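In order, the protein sequences belong to chains A and B. Each residue of the first sequence is one higher than the last, beginning at 5 in our numbering. Each residue of the second sequence is one higher than the last, beginning at 2 in our numbering. Quick reminder that beta carbons are idealized off the backbone N, C-alpha and C, glycines included. These figures come from a predicted structure and were not determined experimentally. Worksheet: the structure to be examined is printed underneath.
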Amino acid sequence: MSQKISSQTYVDKPTKTANMKVVEGSYAVAHAVMCCRPDVISAYPITPQTHIVEHLSQLVADGELDSEFLTVDSEFSALSVLVGSSAFGARSYSSTTSQGLALMYEVLYNVSGMRLPVVMNVANRAMGAPLNIWNDQQDSVGARDAGWLQIYVEDVQEAVDATLQAYKIAEDEEIRTPIMVCMDGFILTHVYEPVELLDKEMAKEFLPAYKPADILDPANPKTFGAFADPTTYTEFRYQQFEAQQKALGKIEKVAREFEKTFGRYYGGLLDSYLAEDAEVVIVTMGSVIGTIKDTIDAMRIEGKKVGLVKVRSYRPFPVLALRNALKDASVIAVLEKDVSIGSEAGLVTDLKAAFYNSNIRVPIIGFTAGLGGRDITIKDIRKIVQKAEAASKGIESEFEFLNLRTEIL
Amino acid sequence: MDIKAGRLVNPCSTRITKTGAWRTFVPVFDHEKCIKCSICEIYCPEGCIHQEEELFIPDLDYCKGCSVCAHECPRMAIEMVLEEK
Numbered sequence: 005m006s007q008k009i010s011s012q013t014y015v016d017k018p019t020k021t022a023n024m025k026v027v028e029g030s031y032a033v034a035h036a037v038m039c040c041r042p043d044v045i046s047a048y049p050i051t052p053q054t055h056i057v058e059h060l061s062q063l064v065a066d067g068e069l070d071s072e073f074l075t076v077d078s079e080f081s082a083l084s085v086l087v088g089s090s091a092f093g094a095r096s097y098s099s100t101t102s103q104g105l106a107l108m109y110e111v112l113y114n115v116s117g118m119r120l121p122v123v124m125n126v127a128n129r130a131m132g133a134p135l136n137i138w139n140d141q142q143d144s145v146g147a148r149d150a151g152w153l154q155i156y157v158e159d160v161q162e163a164v165d166a167t168l169q170a171y172k173i174a175e176d177e178e179i180r181t182p183i184m185v186c187m188d189g190f191i192l193t194h195v196y197e198p199v200e201l202l203d204k205e206m207a208k209e210f211l212p213a214y215k216p217a218d219i220l221d222p223a224n225p226k227t228f229g230a231f232a233d234p235t236t237y238t239e240f241r242y243q244q245f246e247a248q249q250k251a252l253g254k255i256e257k258v259a260r261e262f263e264k265t266f267g268r269y270y271g272g273l274l275d276s277y278l279a280e281d282a283e284v285v286i287v288t289m290g291s292v293i294g295t296i297k298d299t300i301d302a303m304r305i306e307g308k309k310v311g312l313v314k315v316r317s318y319r320p321f322p323v324l325a326l327r328n329a330l331k332d333a334s335v336i337a338v339l340e341k342d343v344s345i346g347s348e349a350g351l352v353t354d355l356k357a358a359f360y361n362s363n364i365r366v367p368i369i370g371f372t373a374g375l376g377g378r379d380i381t382i383k384d385i386r387k388i389v390q391k392a393e394a395a396s397k398g399i400e401s402e403f404e405f406l407n408l409r410t411e412i413l
Numbered sequence: 002m003d004i005k006a007g008r009l010v011n012p013c014s015t016r017i018t019k020t021g022a023w024r025t026f027v028p029v030f031d032h033e034k035c036i037k038c039s040i041c042e043i044y045c046p047e048g049c050i051h052q053e054e055e056l057f058i059p060d061l062d063y064c065k066g067c068s069v070c071a072h073e074c075p076r077m078a079i080e081m082v083l084e085e086k
């Protein structure tokens, strides 16, 4: 099982840029989905993912994609349809966001429990109430325990590439686990940026047709997700746990295979940016990475040893890879766009847990920021680094809401 | 019994999936008192009471200990006894 992380810097990619087009993030993802050739697409429009399925319905209507496109009455139905289609052996796709994902919650467990390799793009967005349509990652981080794999992407190109990789990971017979490809809503779904759209033929070669060993078939009847009493239920959960452990290796392997074919690599489980000699290492997920890298570049010129570790695979949580990537840091600052109300937040809690029984003794502090779409600026990243430096001499605050507006409280 | 990922089963899976495990009380039949009226067999919601060589016998692989049989028996020939495992 390979858990090595990349030392390659982001500025180098992509390497083969001959065919770049300026497109909207949602279109780029829809195009990538088309290249994955799903048999069934089922989705209920909910901003900011609406454009993804709008573009897909257009591609189907134009005859560019031969796929059953189902318009349903809710997100609950959207994912329930895919339980049936995926069990039938059809490659199945949906996308959702925030309240839509919440409405799917019950079905999330059915999909993962029946081991159906559905791929879903989650356009990350805040949960109401209060009513808010902007980006944060509360929706999918809140669904982290539902048995799905979760990959968080940094930019539109990675969203495109991760979508193709996702089917290859999910459909592996040893894994058979659904995946959420999580991309920051609006920031990535609505941005126009240069993207290298996937080549249909290359994608086909990379991702062959889906041929599962077991399907729903009237000629050979079977039941998926049948009754399991207390004498066997635990073992089914364990099988899912085991499959996620196997996915650690598979995610890395598929990322490398993708690199071989398409020339782009974002890390498998993790990636790092100038983290090797860094004293302060920021750990985060998603599109805020661009801002952090710019800040790091500026701070490096000033002589500050700051680095970044990007968590790409949040589930499975890459414990060993994280220990390896962060073992030499003097202090770790976790920045995330979610909060576990009543505790701290998802990533920082998981990271601390990953380190507790290891020999690595490094202070870890957590920041929740960017909730409900509040911008995270270069100034904010500098503030985090400053607080982290202070924490390396003794932690004053383990976890805080960054830029809390105390004056309006 | 091997389990298959995703709880994938073939038809007639209840033959291998026993459902009696959640029982707390077990019906004990007094065959002396029994008048063979079949009411227990008819009322059993699991359909797990059958006549074997004249005697009415509950299939304990599926009996959930609901007590309906004991409640309906006109001769009070069925006693629910705490089952300790």
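Jot down the residue ranges of each uninterrupted beta strand (DSSP E) in the region 162 to 209 of chain A, minimum 3 residues, whole runs only, in chain order. Runs found: 183 to 188 and 196 to 200.
Under the rule that 16 or more other beta-carbon atoms within 10 Å means buried, what is D342 of chain A, buried or exposed? Here residue 342 of chain A refers to the residue found at position 338 when the first sequence is read from its first residue. D342 of chain A is buried by the Cβ-count criterion.
Grouping DSSP H, G and I as helix and E and B as strand, with all else coil, what is V76 of chain A? The count along the first sequence starts at 1 and reaches residue 76 of chain A at position 72. In this structure, V76 of chain A counts as coil in the three-state DSSP scheme.
Scan the region 116 to 161 of chain A and note each continuous beta strand (DSSP E) run of 3 residues or more that stays entirely inside, going in chain order. 123 to 128 and 153 to 156
Under 8 Å: do the region 386 to 399 of chain A and the region 8 to 17 of chain B share three or more Cβ pairs, one atom per stretch? Fewer than three Cβ pairs drawn from the region 386 to 399 of chain A and the region 8 to 17 of chain B lie within less than 8 Å of each other, which leaves the two stretches out of contact.
Start and end residues, alpha helix (DSSP H) containing R319 of chain A: Residue mapping note: residue 319 of chain A aligns to position 315 of the first sequence, counting from 1. From DSSP, R319 of chain A is part of no alpha helix (DSSP H) but of the beta strand (DSSP E) over S317 to R319.
Excluding the 5 residues preceding and the 5 following V69 of chain B in the sequence, name in chain order all residues of the same chain whose CB lies nearer than 7 Å to its CB. Along the second sequence, one-based indexing puts residue 69 of chain B at 68. If we look at V69 of chain B and ignore the five residues flanking it on each side, its Cβ neighbours are Y44, C45 and P46.
Is the shortest distance between the beta-carbon of T18 of chain B and the beta-carbons of chain A less than 7 Å? To locate residue 18 of chain B, count along the second sequence from 1; it is residue 17. Yes, T18 of chain B counts as interfacial toward chain A.
Short CB-CB distance (under 7 Å) between L61 of chain B and chain A: By one-based count along the second sequence, residue 61 of chain B stands at place 60. Chain A, which has no Cβ nearer than 7 Å to the Cβ of L61 of chain B, makes this no.
Classify I364 of chain A as helix, strand or coil using the three-state DSSP reduction. For this step, residue 364 of chain A is matched to residue 360 along the first sequence. Coil, per DSSP.
Residues of the region 223 to 238 of chain A with a CB closer than 8 Å to any CB of chain B: list them in chain order, please. Flagged, chain order: P225, K226, T227, F228, G229, A230, F231, A232, D233, P234, T235 and T236.
Contact set for P18 of chain A: own chain, Cβ-Cβ below 7 Å, skip 5 residues either direction: Within the first sequence, numbered from 1, the residue matching residue 18 of chain A stands at position 14. Low local confidence applies: a pLDDT of 49 at P18 of chain A is under 50, so the model's placement there is unreliable, with the coordinate-based value given in what follows. Answer for P18 of chain A: Q161, E200, G267 and R268, listed in chain order.
Do the CB positions of G377 of chain A and W138 of chain A come within less than 7 Å of each other? The sequence position of residue 377 of chain A within the first sequence is 373, counting from 1. The sequence position of residue 138 of chain A within the first sequence is 134, counting from 1. Yes, they are a contact pair.
Ordered along the chain, which non-local residues of its own chain (more than five positions away) have a Cβ less than 7 Å from that of A282 of chain A? Within the first sequence, numbered from 1, the residue matching residue 282 of chain A stands at position 278. Cβ within range, chain order: K309, V310, G311 and A333.
DSSP beta-bridge partners of E404 of chain A: Position 400 of the first sequence, counted from the start, is the residue given in the question as residue 404 of chain A. The partner list for E404 of chain A (beta bridge, DSSP) reads A:F371.
Considering only C-alpha positions, which residue in the set A:E263, A:M38, A:S291 and A:G88 is nearest to D66 of chain A? What you label residue 66 of chain A is simply residue 62 of the first sequence in a count that begins at 1. It is A:M38 whose Cα lies nearest to the Cα of D66 of chain A.
Residues in the region 102 to 123 of chain A with C-beta within 8 Å of chain B's C-beta atoms, listed in sequence order? G117, M118, R119 and L120
Under the rule that 16 or more other beta-carbon atoms within 10 Å means buried, what is E175 of chain A, buried or exposed? On the first sequence, residue 175 of chain A is found 171 positions in, with the first residue counted as 1. Looking at its Cβ environment, which holds 16 or more other Cβ atoms inside 10 Å, E175 of chain A is buried.
Are the CB atoms of C74 of chain B and C41 of chain B nearer to each other than 7 Å? As a first step, residue 74 of chain B must be located in the second sequence, where it is residue number 73. As a first step, residue 41 of chain B must be located in the second sequence, where it is residue number 40. Cβ atoms of C74 of chain B and C41 of chain B: closer than 7 Å.
Would you kindly check if the distance between the Cβ of D60 of chain B and the Cβ of K19 of chain B is under 7 Å? Working through the second sequence from its first residue, we reach residue 19 of chain B at position 18. Working through the second sequence from its first residue, we reach residue 60 of chain B at position 59. In this structure, D60 of chain B does not lie closer than 7 Å to K19 of chain B by Cβ.
Please report the residue range of the alpha helix (DSSP H) in which M77 of chain B lies. Your numbering for residue 77 of chain B matches position 76 in the second sequence. Element bounds for M77 of chain B: n/a, residue is neither H nor E.
Please list, in chain order, the residues of the region 58 to 78 of chain A that have any C-beta partner in chain B closer than 9 Å. none
Taking CB distances under 7 Å as the criterion, tell me whether P12 of chain B reaches chain A. What you label residue 12 of chain B is simply residue 11 of the second sequence in a count that begins at 1. Yes, because at least one Cβ of chain A sits closer than 7 Å to the Cβ of P12 of chain B.
Let me know the secondary structure DSSP gives I43 of chain B once reduced to three states. Residue numbering aside, residue 43 of chain B sits at position 42 when the second sequence is read from its first letter. It is helical.
Quick one: grab the DSSP three-state call for H72 of chain B. Sequence index remark: in the second sequence, residue 72 of chain B carries index 71 (1-based). It is helical.
Am I right that I255 of chain A and G272 of chain A are in contact with their C-beta atoms under 8 Å? What's the rounded C-beta distance? For the purposes of this step, residue 255 of chain A is taken as the residue at position 251 of the first sequence. For the purposes of this step, residue 272 of chain A is taken as the residue at position 268 of the first sequence. Between G272 of chain A and I255 of chain A the Cβ distance is about 5 Å, and since that is below 8 Å, they are a contact.
For A133 of chain A and Q103 of chain A, what's the separation of their Cα atoms in angstroms? Mapped onto the first sequence, residue 133 of chain A falls at position 129. Mapped onto the first sequence, residue 103 of chain A falls at position 99. A133 of chain A and Q103 of chain A: Cα-Cα distance of roughly 10 Å.
For a cutoff of 7 Å on Cβ pairs, would you count R24 of chain B as touching chain A? Here residue 24 of chain B refers to the residue found at position 23 of the second sequence. No, no contact with chain A.
Unbroken beta strand (DSSP E) run spanning D62 of chain B, endpoints: Indexing the second sequence from 1 puts residue 62 of chain B at position 61. Neither: D62 of chain B is in no beta strand (DSSP E) and is coded neither H nor E.
Quick one: which chain B residues come within Cβ less than 9 Å of R365 of chain A? Numbered from its first residue, the first sequence carries residue 365 of chain A at position 361. The contacting residues do not exist; R365 of chain A stays about 39 Å from chain B at best.
Relative to the alpha-carbon of K37 of chain B, which residue among B:K65, B:R24, B:F57 and B:D3 has its alpha-carbon at the smallest distance? The residue given as residue 37 of chain B occupies position 36 in the second sequence. By alpha-carbon distance to K37 of chain B, the top candidate from B:K65, B:R24, B:F57 and B:D3 is B:F57.
Inter-residue CB distance, G370 of chain A and V323 of chain A (contact presumed, cutoff 8 Å): Within the first sequence, residue 370 of chain A is the residue found at index 366, counting from 1. Within the first sequence, residue 323 of chain A is the residue found at index 319, counting from 1. That belief does not hold up - the Cβ atoms of G370 of chain A and V323 of chain A are roughly 17 Å apart, past 8 Å.
Helix, strand or coil at K314 of chain A according to DSSP, with G and I counted as helix: Here residue 314 of chain A refers to the residue found at position 310 of the first sequence. DSSP places K314 of chain A in strand when its eight states are reduced to three.
Under 7 Å between C-beta atoms of V122 of chain A and V115 of chain A: Counting from 1 along the first sequence, the entry for residue 122 of chain A is found at position 118. Counting from 1 along the first sequence, the entry for residue 115 of chain A is found at position 111. In contact: V122 of chain A and V115 of chain A (Cβ atoms closer than 7 Å).
Does the beta carbon of F240 of chain A come closer than 7 Å to any beta carbon on chain B? As a working note, residue 240 of chain A is residue 236 in the first sequence. Chain B, which has a Cβ nearer than 7 Å to the Cβ of F240 of chain A, makes this yes.
E177 of chain A to V87 of chain A, Cα distance in whole Å? In the first sequence, counting from the first residue as 1, residue 177 of chain A sits at position 173. In the first sequence, counting from the first residue as 1, residue 87 of chain A sits at position 83. Annotation: E177 of chain A to V87 of chain A spans about 17 Å, alpha carbon to alpha carbon.
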